[in-house]
Amino acid sequence: MDDLSRAWERIETWLRENQCTVSRSEPHPAASEEAVRALQDAIPYPLHPHLVQWLRIHGGAPVSDAPVWPGGHVPYDVEALKDGPDYMREMLDEFHDEFGADPEEWVMSPWADPLWLPFAGTNTGESLLVDHRPGATYGNIIEIDYESDEVTAVRWKSLGEMIRLMARSLETGAPMPYSRRYSRVPQRHEGPPSHLTWVLEETGDHQPEHVAPEDQLVIAAWERLKVWLRLRAPESYASLRPGASDHRIERAEQRLGFSLRAPLRALWTLNDGVTGTAAGAFLNGLALMPIETALETREFLADEMPGWGSRWVPFTADTVDEPRTGDFIDCDTGLTGTWARGEEPRMHHTPEGGLTLPGALAHIVEVAMAGTDLSMPSMGGGSRRGPQRA
6 MDDLSRAWER IETWLRENQC TVSRSEPHPA ASEEAVRALQ DAIPYPLHPH LVQWLRIHGG
66 APVSDAPVWP GGHVPYDVEA LKDGPDYMRE MLDEFHDEFG ADPEEWVMSP WADPLWLPFA
126 GTNTGESLLV DHRPGATYGN IIEIDYESDE VTAVRWKSLG EMIRLMARSL ETGAPMPYSR
186 RYSRVPQRHE GPPSHLTWVL EETGDHQPEH VAPEDQLVIA AWERLKVWLR LRAPESYASL
246 RPGASDHRIE RAEQRLGFSL RAPLRALWTL NDGVTGTAAG AFLNGLALMP IETALETREF
306 LADEMPGWGS RWVPFTADTV DEPRTGDFID CDTGLTGTWA RGEEPRMHHT PEGGLTLPGA
366 LAHIVEVAMA GTDLSMPSMG GGSRRGPQRA
């Protein structure tokens, strides 16, 4: 028996011993192997193993019954799960329609992704989703609440972790971790009939987060662009390298002799540049350079250009193999400019003044979200290619 099944047995034991008969009898029987195979055939990516394990325990539950899961969520049956990818596409289109024109709203993370699968919901519209994106977020349980200031939030690392934490909380009475600010506390509701509820309780050590606005803008814009690339330009999406570790960025700063500007640090933390393919030039025909390439290019430009600023760092190039032109950021002011071998570097200018890294990304995402031909003027002038579709 796997860990998830054992944890669920502990939950059912608690429900039986505490006579929560409605909650215990609520879920459907296990989904058949044929039904699970049919679900996998309907989903365009491999189902997370924990979701498959859960379906082999219970194949959903009636929405009208008292829920066992925190937040009033009721697990979907196999037929409802099949509709998940179409629902995500509709929600992603709705997000882009509502917020695509206003960069000030881009601090919001997208409330949908092609690789998120809704697997439980409430009668008031909230949902739980399994993150099927490869990488560090794979298997995360995300809650979507359209009425909340934080529309999407990662609640647990996996479905298995969620069920294990439920079991521990029921057995010990300890709060179940839920968010930075709140925990979920189990309570037996006397009814009639008796059932289990999970009450929100504020944690005593909550401290508000302090994230620089420019960091938020860069992260939100870049994540939105990655969603678009995955859907519309998979070759460009595949060119992205994994994010750099904090240690790698600290080593880069030691080599530079000064701190990177926070937006560039945030960008490289998300993705340490792209691989050396034409598909990686999706930033108005430029590619995000890996940190090592950027440092080597900076050293070359500092030697070759008398006017190169002491705290300027190039971060994009026409190609990451043999960079010849691209963009740089002034780590003193946060403003960006354009560089090219054999030419004097120039700062970018807009009607409002200089162009910051968040502003540059905002322009790129705006054009991508509009669905237009991405052969467009670059930040520094001229014409550059955009993302490459499959």
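By our numbering, the letter at position 101 of the sequence shown is numbered 106, and the numbering carries on one by one without gaps. We put the beta carbon where it would ideally sit given N, CA and C, even for glycine. None of these values were measured; they are calculated from a predicted model.
Leaving aside the five residues before and after Leu60 along the sequence, list all residues of the same chain whose C-beta is less than 6 Å from its C-beta, in chain order.
Ala36 and Val41
Please state the DSSP three-state secondary structure of Tyr143.
coil
Just how far apart, CA to CA, sit Ala367 and Ala345?
23 Å
Would you kindly work out how many angstroms separate the C-alpha atoms of Gly281 and Glu301, rounded to a whole number?
15 Å
Tell me the rounded alpha-carbon separation between Asp98 and Ala322.
31 Å
From His53, Trp227, Ala12 and Gly65, pick the residue whose C-alpha is nearest to that of Leu269; which is it?
Trp227
So, with DSSP's three-state summary, where would you put Val41?
helix
Separation of Leu20 from Asp82, as counted between CA atoms
22 Å
Under 8 Å: do the segment 173 to 193 and the segment 294 to 308 share three or more Cβ pairs, one atom per stretch?
no
Starting from Phe124, trace the beta strand (DSSP E) in both directions and tell me its first and last residue.
Trp121 to Gly126
Going by other Cβ atoms of all chains shown within 10 Å of its Cβ, with 16 needed for buried, is Asp337 buried or exposed?
exposed
The segment 176 to 184 contacting the segment 128 to 147, beta-carbon criterion three pairs below 8 Å
no
When DSSP builds the beta bridges, which residues end up paired with Asp335?
Trp317
Terminal residues of the continuous beta strand (DSSP E) containing Glu327?
Note, Glu327: premise wrong, no beta strand (DSSP E); not H, not E.
Have a look at Ser250 and Thr274 and give me their C-alpha separation to the nearest angstrom.
6 Å
Less than 8 Å separating the beta-carbons of Leu120 and Arg138?
yes
Report the three-state DSSP secondary structure of Leu265 (helix, strand or coil).
coil
Please tell me whether Val73 and Leu170 are closer than 8 Å, where the distance is taken between their beta carbons.
no
When DSSP builds the beta bridges, which residues end up paired with Tyr187?
Glu207
Residue environment, Val216, which counts as buried when at least 16 other CB atoms sit within 10 Å
Any answer about Val216 is weak, because its pLDDT of 45 lies below 50 and its placement is not dependable; what the coordinates show is given next. Flag for Val216 reads exposed.
Measure how close the beta-carbons of Trp317 and Asp335 come, nearest whole angstrom, since I'm counting them as under 8 Å.
6 Å
Nearest-angstrom beta carbon gap, Leu293 and Asn276 [assumed within contact, 8 Å]
7 Å
Let me confirm a value: Gly76 is counted as buried when at least 16 other C-beta atoms fall within 10 Å, else exposed. Which label applies?
buried
Within a Cβ cutoff of 6 Å, which residues of the same chain sit near Gly342, ignoring the five residues on either side of it in sequence?
Phe333, Pro350, Arg351, Met352 and His353
Under 8 Å by Cβ, that's how I've got Leu272 and Val223 pegged, so tell me the actual separation to the nearest angstrom.
6 Å
Quick one: what does DSSP say Met294 is sitting in, helix, strand or coil?
coil
Please say whether Pro90 and Ile48 have beta carbons closer to each other than 8 Å?
yes
Please classify Pro51 as buried or exposed, where buried requires at least 16 neighbouring CB atoms within 10 angstroms.
exposed
How would you write the range of the alpha helix (DSSP H) that Arg169 sits in, first residue to last?
Leu164 to Thr177
Through-space distance from Leu134 to Ser199, alpha-carbon basis
28 Å
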